Amino acid sequence: MAKVLVVTSGKGGVGKTTTTAALGAALAQSGQSVVVVDFDVGLRNLDLVMGAERRVVFDLINVVQGVAKLPQALIRDKRLENLWLLPASQTRDKDALTDEGVGRVIDELRSRFDWILCDSPAGIERGATLAMRYADEAIIVTNPEVSSVRDSDRIIGMLDSKTVRAERGERVEKHVLITRYDPARAARGEMLTIEDILEILATPLLGIIPESQDVLKASNVGTPVTLNNADSAPARAYVDASRRLMGEEVAMVVPLERKSFMNRLLGRRAA
Amino acid sequence: MSINLLRLFGGRNASAPVARERLQILLAHERGLLGQSDLLATLREEILAVVGKHVVLDPDKVIVKLDRGKNVSTLEVDIEVPNNFDKSKAAERRMAG
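Chains A and B, in that order, give the protein sequences. Residue numbering for the first sequence follows the numbering used here, starting at 73 and increasing by one per position. Residue numbering for the second sequence follows the numbering used here, starting at 29 and increasing by one per position.
If you want it as structure tokens, here you go:
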């Protein structure tokens, strides 16, 4: 059965789009049919991170408004044949999205794909509420930093009250994904610990993505990090997270500092 | 060197515990604010039902308020009842019995 998954956070710049692209590609690589949907109307970026920015003809708003049919707007990934992108409009604004219209598009996507990954815009306004509206599951992308955790808490409250599932008295299954985790700063006690974040948010952990140059390198060339450098630490962490989404039990790996003990003693910094 | 050693052994420079504490206090407050209207309405309704079983009262004269203080919060319940409330309810019960 199709699963609708929203990738959300409240705060901007924490890694929603990176996560949507990386998990979408990882799920597709394991044989699932996947569509990644950009809900960030007016500020779309999923097309760029996926390397499909020059192939956008129609978008989500065109489909919602009936200007284009869904198959006309869907863009097939060049690397993985069962990975598709439904881009957001760059010229319209969020008001062009209607609850009813989004519901219709999601229903149609459910009949075509195993996974529908909705990349939410930042904030708690219309775009963000519509991205989560029809979700069965949610990934709350959180940086180990106070403002991100506070916003995640707010978003969790919204997932529990403003989604169709919540209104029916059902639950949206929620997962916290910690991104930009810096082991060196964690070791120095300068960063909220994983335990702190999970205790505060009271939500299970999907994975820990370490801060890494590989994420930027992947977005530079328009390839999900899981495809661009599959051996890199963030790619492996995303693949593990995707396997957990599919119900596999995968041991959680907490990224460790790569500095040697001598370096640490001498106070040399890695970055 | 000494500062780095302090850091290595989780010394005084660790700011994460401060972050954790500030967040816990803030979120306890914010979650309260968001859920508050529902909670107060429920409390008001249930208090009205319990007290109304024994006392004749005007639903409009039941006020439930929550004041958040720095260390503790106060739940204030203000119920106005008529002077002969005990007699009238007792009379009702006798009639029924």
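For glycine and all other residues, C-beta sits at the position ideal for the given N, C-alpha and C. Here the structure is a predicted model, which is why all the values come from computation and not from measurement.
Under the 8 angstroms criterion on CB atoms, L67/B is classed as non-interfacial with respect to chain A. Going by C-alpha positions, I107/B is about 47 angstroms away from K166/A. Residue environment for G199/A: buried (at least 16 other C-beta atoms within 10 angstroms of its C-beta). For the segment 269–291 of chain A, the set of residues with a beta-carbon nearer than 7 angstroms to any beta-carbon of chain B comprises I272, in chain order. Chain order gives the chain A residues near N41/B as R260, G261, E262, where near means a beta carbon separation below 9 angstroms.
By the beta-carbon neighbour count (other beta carbons within 10 angstroms, threshold 16), P327/A is buried. Taken atom to atom, the span from the alpha-carbon of P193/A to that of D112/A is near 5 angstroms. Listed as beta-bridge partners of D223/A by DSSP are no residues whatsoever. Its Cα nearest to that of I91/B, the residue I75/B stands out among V100/B, K81/B, I75/B. Annotation for S101/B: the continuous beta strand (DSSP E) segment containing it runs 101–107. The Cβ atoms of Q137/A and A168/A sit closer than 8 angstroms to each other.
The segment 204–213 of chain A and the segment 221–230 of chain A touch, with three or more beta-carbon pairs separated by less than 8 angstroms.
With respect to chain B, the C-beta atom of V248/A has no partner C-beta closer than 8 angstroms.
Bridge pairing for P282/A: Y253/A [DSSP].
Using a Cβ distance threshold of 8 angstroms, W187/A and K75/A count as a contacting pair.
Closer than 9 angstroms at the C-beta level to chain B, one finds these residues of the segment 220–241 of chain A: V221, R222, D225, R226, G229, S233. Within chain B, A44, R48 have C-beta atoms less than 9 angstroms from the C-beta of T265/A, given in sequence order. With the rule of 3 Cβ pairs closer than 8 angstroms, the segment 246–265 of chain A counts as touching the segment 273–293 of chain A. Closest in C-alpha terms to A94/A, from the list G85/A, G84/A, L118/A, comes L118/A.
Assignment of R151/A by DSSP, reduced to helix, strand and coil, places it in the coil class. Partner residues in the beta bridge of A210/A, as assigned by DSSP, are V78/A, K246/A. In the three-state reduction of the DSSP assignment, V297/A falls in the helix class, which pools H, G and I. Cβ-Cβ distances below 6 angstroms link R257/A to M263 in the same chain, with the five nearest sequence neighbours on each side left out; the list follows chain order. DSSP, read as helix, strand or coil, puts L288/A in helix.
Neighbours of V139/A across chain B, judged by C-beta separation under 8 angstroms, do not exist; the nearest C-beta is about 38 angstroms away.
In terms of beta-carbon proximity, V218/A lines the interface with chain B, with at least one pair separated by less than 8 angstroms. A direct Cα-Cα distance of roughly 17 angstroms separates G261/A from I272/A. Distances from the alpha-carbon of N112/B to those of V84/B, N41/B, K89/B put V84/B closest.
Beta bridge pairing from DSSP links D312/A with no other residue.
Per DSSP, reduced to three states, the secondary structure at L169/A is coil, with no helix or strand assignment.
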